[in-house]
Amino acid sequence: MKDGVNGVALAVFIFFFLLVTAMGFLASRWRKAENENSLDEWGLGGRSFGTWVTWFLLGGDLYTAYTFVAVPAAIYAAGAAGFFAVPYTILVYPLIFTFLPRLWSVSHKHGYVTTSDFVRGRFGSKGLSLAVAVTGILATMPYIALQLVGIQAVLDVMGVGGGEDTNWFIKDLPLLIAFGVLAAYTYSSGLRAPALIAFVKDTLIYIVIAVAIIYIPIKLGGFDEIFAKAGDAYSQTNPATGAPRGALVPPEAGQWTYATLALGSALALFMYPHSITATLSSRSREVIRRNTTILPLYSLMLGLLALLGFMAIAAGIKVQNGQLAIPQLFETMFPDWFAGVAFAAIGIGALVPAAIMSIAAANLFTRNIYKDFIKPDATPAQETKVSKLVSLLVKVGALAFVLTMDKTVAINFQLLGGIWILQTFPALVGGLFTRWFHRWALLAGWAVGMVYGTAAAYGVASPTQKHFGGSSKEIPGIGEIGYIGLTAFVLNVVVTVVLTFVLKALKAPDGIDETKPEDYTADAGDPGVQVELPPATAGTSH
Amino acid sequence: MTPVRVIIALCLTAPFVAMLWVGSYAKTDPAFIGIPFFYWYQMAWVLISTALTMTAYKLWQRDQRARRGGTR
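Heads up: the protein sequence lines correspond to chains A and B, in order. Here the first sequence is numbered in the numbering used here, starting from 597 and rising by one per residue. Here the second sequence is numbered in the numbering used here, starting from 154 and rising by one per residue.
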C-alpha cells in the first residue's frame, strides 16, 4: 500500500460520486407518477421498468460491490474453489426462467409488493408469511453491511481510510458521508434512484473489466505466465493448516462442495428480497423472460473478474486481508486516474444494491409486519411513509454493524443469511406451482431447515475461526462435504412433504387461497391486469 | 407434453447437468490462450447456456402464440 492519499484517484472517485449523487436526487422526477404516496411508486418504481432498465437494475442489484471484491479475493486465497460463482450464476437463469414470470403475474394481479404478500395470499397464513418476511429481513441486513465493507476496502487502498491509530471519527468519516448521501436519495426517490444510478455503475464496471482483462495480462506476460505463477503459489504449504494453499483445479474431494455451493446459491439468489423487488418493478412478464436471456452477460463479466484473483498473485500483491487484493491490484497496475475510475466502479457498485436492499427490507417490514400485525388499516400513504423510515433505519443498523463489530461478523452473518433465505424456497416456489403443500408443514420445514443450517454452520471451524468458519460440511448419509444450505433445504423439503401427508390425513384446516390458476399466467394487457396499478388497489386488495 | 415443450425442458436442464458434473471438467488441459480448461470451459458454458435459454424463450413464445391461436 502506498503511503498517504492517492490524490488523482481520489479526485476521480469524488467526481463520479458527486455525479451519481445528483442523479439519485433527480431520479424522483424520472417517469414521475401522479400519485407518489403509494408503495408501488416509491418501492417498485411504479412497476414501470422495461427490458433495459430492468437489465441494468437487476445486474446492478445482483452483482454487488462485495461480489466484485469477494469473488476474486476467494480465488486469490484458494484458487479453483472460489470460481463456483460462475456455474452458480449460469444456473440461476434457466431456473428463474421457469418460476419468476409466474410470480410476476400473480403479484401484478393481486398487487403483491413482497414475496411474503404472495405467501400469505396463497396459503392464507399470516404465520408463514411472517416467517418468510423475517427471514428476508435477517438475510438482507448483513448483505447491506457487506456493501459497506466493499466501500471501505476501496477507501482504505486510496489512503483515506486512515491507519489503525487515527481517530475513529476521522477514519470513518468518508464512509459516513457516502452513507448519509445514499440514505437521503433513497428516501426521496425510492427505487428510481438505484435504477438510474445502475446505468453509471454498470457502464463503469464493464469498462474497467474490459481494460483490466486485456491490459493487466499484457503487463504480466500473458495468461500462461499468470497461471504458472498462481499454480506455484497454491502448491505452497499453508502453515496454518499444513495443507497446500489451494489448487488450480478442484481435487476429487472438493467437487461435491463446488457443485452443491453452485446449486444452493443459484436456488437462493431469487429468494432474496432485493432480487424480487427489482423483478416486480418490471413492466411485463415478457420483460422478465427476455432478461433471463441477456442477464448472463454479467456472468461472463464475473468470470473475467474472477481471473483477476490469479493476476493479483502473479503481480506479487501481498495483502493480509484478501478483500484488499483487487483494489490493491488496480492501484499497482493502473495509472492513478484509471485506478480512480475502477474504485468509483466498486464504490458505486456498493450504493446501488445497498439502496435496493434497504427498500426491499423496508417493504417487507411495512407490508408483512406493520400492516399485518400492527396497523391493519394503514393507508397507502402511511405504508409509504413507514417504508421510507424503515429504509433509513435498516441502513443505520447496517452502518452500526460495520462500525462497531469486526468485519468477520458481517461475513459470518451473510453466510448464514444465504443458508436461511434458501429455506423460504419451498413456500415461495412450491406455492407458485402447487397448492398441495400444507401451510403448517411448510412452516415446520422452514423451522427445521433454519435450525439445522444455523447449528451446522456454527459447528464449522477454520484455522482462524472457531465457529462459522465456512459454509460447507459433511452431508449426513452421503459422507461428502457439501453446502450446508442445500443440505438444510433437502431436510426442509422432506419435512414439508411428510407433514403435508400427515396434516392432510388429519384434515387440518387448509387456509384460504385467494389466487386462481389463471392469475399465474396473466400478462400486462389481460383483463384485470393493468399496466400500472392504480394506487388504491396496491393497498387495499387484501 | 408437446415435443416443443420437451425441447424447452431439455434446453433448461442441460446447464444443470453440465455444471453440476464437476468431474467432467476438473482438469487443466487443454488450455486456451494460457487459461486452464477448468476456467475457459465454464466461461464457454455461460455462452452456451445463454443460447439455450434464448432458444427456450423463442420456442416458448411460439408455443404460446400457437396455443392462443388455437383456443380463439
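Note that CB positions come from ideal geometry on N, CA and C, so glycine has one too.
Query, Result
"On a CA-only basis, which of A:Asp932, A:Ser983, A:Gly827, A:Leu876 is nearest glycine 187 (chain B)? Give me that one, please.", "A:Gly827"
"If we define contact as Cβ-Cβ less than 8 Å, is alanine 179 (chain B) a contact residue for chain A?", "yes"
"Below 8 Å on C-beta distance, what does threonine 155 (chain B) contact in chain A?", "Those do not exist, as threonine 155 (chain B) stays about 16 Å from chain A at its closest Cβ, beyond 8 Å."
"How big is the Cα-Cα spacing for threonine 1136 (chain A) and threonine 975 (chain A)?", "Annotation note: pLDDT 35 at threonine 1136 (chain A) (below 50); position unreliable, coordinate value reported separately. Going by the C-alpha atoms only, they are around 8 Å apart."
"Closer than 7 Å, Cβ to any Cβ of chain A: which residues of the stretch 204 to 218 of chain B, in chain order?", "Thr206, Met207, Ala209, Tyr210"
"Just to confirm the assignment, what range does the beta strand (DSSP E) spanning serine 895 (chain A) have?", "Serine 895 (chain A) -> not in any beta strand (DSSP E); alpha helix (DSSP H) instead, spanning 892 to 910."
"Here's the rule I'm using: 16 or more other beta-carbon atoms within 10 Å means buried, otherwise exposed. How should asparagine 917 (chain A) be labelled?", "exposed"
"Quick check: is the beta carbon of serine 194 (chain B) nearer than 8 Å to any beta carbon in chain A?", "Correcting the residue type first, residue 194 (chain B) is tyrosine in the shown sequence and not serine. Judged by the 8 Å Cβ criterion, tyrosine 194 (chain B) is not in contact with chain A."
"To be precise: take each residue of the stretch 814 to 829 of chain A, compare its Cβ to all Cβ atoms of chain B, and keep it if any distance is under 8 Å. Which residues remain?", "Gly818, Phe819, Asp820, Glu821, Ile822, Phe823"
"Need the endpoints of the alpha helix (DSSP H) that glycine 1026 (chain A) sits in, please.", "Unbroken run through glycine 1026 (chain A): none, as it is neither H nor E."
"For glycine 943 (chain A) and alanine 607 (chain A), I'd like the C-alpha separation in whole angstroms.", "13 Å"
"In chain B, which residues lie less than 8 Å from isoleucine 686 (chain A) when you measure between Cβ atoms?", "Pro168, Met172, Gln195, Trp198, Val199, Ser202"
"Give every residue of the same chain whose Cβ lies closer than 6 Å to the Cβ of histidine 1138 (chain A), excluding the five residues on either side of it in the sequence, and list them in chain order.", "The pLDDT assigned to histidine 1138 (chain A) is 36, lower than 50, so where the model puts this residue is not dependable, and the model offers no usable value."
"Quick one: which unbroken alpha helix (DSSP H) runs of 4-plus residues sit fully inside the stretch 971 to 1033 of chain A? Chain order, please.", "976 to 1000, 1003 to 1018"
"Taking 8 Å as the cut-off, does the stretch 998 to 1005 of chain A touch the stretch 656 to 666 of chain A (at least 3 CB pairs, one atom from each stretch)?", "no"
"Name, please, each residue of chain A whose Cβ falls closer than 9 Å to the Cβ of isoleucine 160 (chain B).", "Those do not exist, as isoleucine 160 (chain B) stays about 13 Å from chain A at its closest Cβ, beyond 9 Å."
"At the level of alpha carbons, what is the spacing between arginine 879 (chain A) and valine 753 (chain A)?", "41 Å"
"Given a limit of 7 Å on CB to CB distance, which residues of the stretch 842 to 874 of chain A reach chain B?", "Leu844, Val845, Pro846, Gln851, Tyr854, Ala855, Ala858, Leu859"
"At 4 residues or longer, and completely inside the stretch 636 to 714 of chain A: list those alpha helix (DSSP H) runs for me, N to C.", "647 to 658, 661 to 674, 681 to 706"
"Arginine 885 (chain A) versus chain B: which residues are under 7 Å apart at the beta carbon?", "Tyr210"
"In its own chain, which residues sit with a C-beta less than 7 Å from the C-beta of tryptophan 198 (chain B), not counting the 5 before and 5 after it?", "Pro168, Ala171, Met172"
"What three-state label does DSSP hand proline 168 (chain B) in the structure shown?", "helix"
"Under 7 Å, CB to CB, which of the residues in the stretch 663 to 693 of chain A have a partner in chain B?", "Ala676, Phe679, Val682, Pro683, Ile686, Leu687, Tyr689, Pro690, Phe693"
"Would the beta-carbon of glycine 905 (chain A) fall within 8 Å of that of glycine 746 (chain A)?", "no"
"If you draw a straight line from the C-alpha of proline 972 (chain A) to the C-alpha of arginine 1035 (chain A), how long is it?", "22 Å"
"Can you give me the start and stop residues for the alpha helix (DSSP H) that lysine 722 (chain A) sits inside?", "722 to 754"
"Would you please verify whether the beta carbon of leucine 896 (chain A) is less than 8 Å from any beta carbon of chain B?", "yes"
"Between threonine 650 (chain A) and leucine 898 (chain A), which are expected to be in contact by the criterion C-beta below 8 Å, what is the C-beta distance as a whole number of angstroms?", "That belief does not hold up - the Cβ atoms of threonine 650 (chain A) and leucine 898 (chain A) are roughly 19 Å apart, past 8 Å."
"Just reading off the beta strand (DSSP E) that tyrosine 1079 (chain A) is part of, what are its end residues?", "1077 to 1079"
"Can you check which of these residues, A:Ile812, A:Arg1031, A:Val604, A:Val982, is closest to leucine 901 (chain A) by C-alpha distance?", "A:Ile812"
"Where are the alpha helix (DSSP H) runs, 4 residues long or more, that stay fully inside the stretch 807 to 873 of chain A, in chain order?", "818 to 831, 851 to 865"
"Within 10 angstroms of its Cβ, does leucine 919 (chain A) collect 16 or more other Cβ (buried), or is it exposed?", "At residue 919 (chain A) the sequence reads glutamine, which differs from the leucine that was named. It counts as buried."
"Output the distance between the C-alpha atoms of threonine 1111 (chain A) and histidine 704 (chain A), rounded to the nearest integer angstrom.", "12 Å"
"Find the nearest neighbour of proline 683 (chain A) within the set A:Gln851, A:Leu654, A:Ala623, A:Leu751, judged by alpha-carbon distance.", "A:Gln851"
"Determine the chain B residues that contact threonine 888 (chain A) at a beta-carbon separation under 8 Å, and present them in chain order.", "Thr206, Tyr210"
"Distance, Cα to Cα, valine 807 (chain A) vs leucine 896 (chain A)?", "15 Å"
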